[in-house]
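Quick note on the UniProt record's numbering: the sequence shown kicks off at 1 and runs consecutively. Structure record follows, encoded as structure tokens.
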Amino acid sequence: MMNRQQRRKLYDNQQRAYNEGTVEQINDQWIFFDEETEEATMLDDFFQQEIEIFRMNRWKKGVFLETGEIRIGKESTMLRDHDLVRVKKHLIYSLERLLDGVNDDAFFQFVTTLNSLNFSIYDCIYCYNHLSFLSDEHRKDGVNFMVFDNQEVICNVQHHFCYYEKVNDRFEFTLNTGKRLVIEKMIS
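Okay, structure coming up:
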């Protein structure tokens, strides 16, 4: 059985889990410049959120305070112009609920298969979670739909599920290149 910590570790090790860039102080405001999209964002938008700063050749995890201060454990450090920082991306809410709702084996198989196709859970651009509408049902069955875009290829995933006397999860991965993959997990 996987625990929350093991799941969290799998989340953290995903490709493209962070927006990475540099910061600059402009008119007493800290601005984040995303390295990939070249978009500028007010760092205040990440107030009280986890942020990582690259110092002494390694990433240090902390919490951003609006004064340009990052609390790392019991210590604090101040941002400097052109510091390299990264901010954890948020998962699409319906995908997060779906991943929380599947058992550990199905979760692990889904995520590792997705990763083997060079996709990250953070590449999700659409998720329809039918399971979330069946919370009161004794027998839960249906299909969830997910679309992932890694900037090179699109992957559509259909998650067929039936949770009744047996637990059955079937994931069908289809790439726009025509490649298809099916994994199925049954627990009696």
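Glycine residues also receive a C-beta, built at the ideal position from the N, C-alpha and C atoms. Remember, predicted model here, so these are calculated numbers, not experimental data.
Residue burial classification, residue i (beta-carbon count within 10 angstroms, cutoff 16)
i: His138; result: exposed
i: Ala40; result: exposed
i: Ile51; result: buried
i: Arg86; result: buried
i: Trp30; result: buried
i: Asn19; result: buried
i: Ile53; result: buried
Under 9 Å between C-beta atoms of residue i and residue j
i: Gly101; j: Thr77; result: no
i: Leu43; j: Thr113; result: no
i: residue 189; j: Met146; result: Lying outside 1 to 188, the shown extent of the chain, residue 189 is not represented and no answer is given.
i: Asp81; j: Glu38; result: no
Alpha carbon of residue i to alpha carbon of residue j, nearest angstrom
i: Lys69; j: Leu79; result: Going by the sequence as given, residue 69 is Glu instead of Lys. Straight-line Cα distance between these residues: approximately 6 Å.
i: His159; j: Thr22; result: 38 Å
i: Asp169; j: Gln109; result: 10 Å
i: Tyr164; j: Ile187; result: 11 Å
i: Asn176; j: Phe64; result: 39 Å
i: Leu10; j: Leu117; result: 16 Å
i: Glu152; j: Arg55; result: 32 Å
i: Lys166; j: Val157; result: 22 Å
7 Å Cβ shell around residue i - same chain, five flanking residues per side excluded
i: His130; result: Gly142, Val143, Asn144
Residues of its chain near residue i, where Cβ-Cβ distance is below 6 Å and the 5 sequence neighbours each way are ignored
i: Phe33; result: Gly21, Thr22, Ala40
Contact set for residue i: own chain, Cβ-Cβ below 8 Å, skip 5 residues either direction
i: residue 233; result: For residue 233 there is no data in the structure shown, the boundaries of the chain being 1 and 188.
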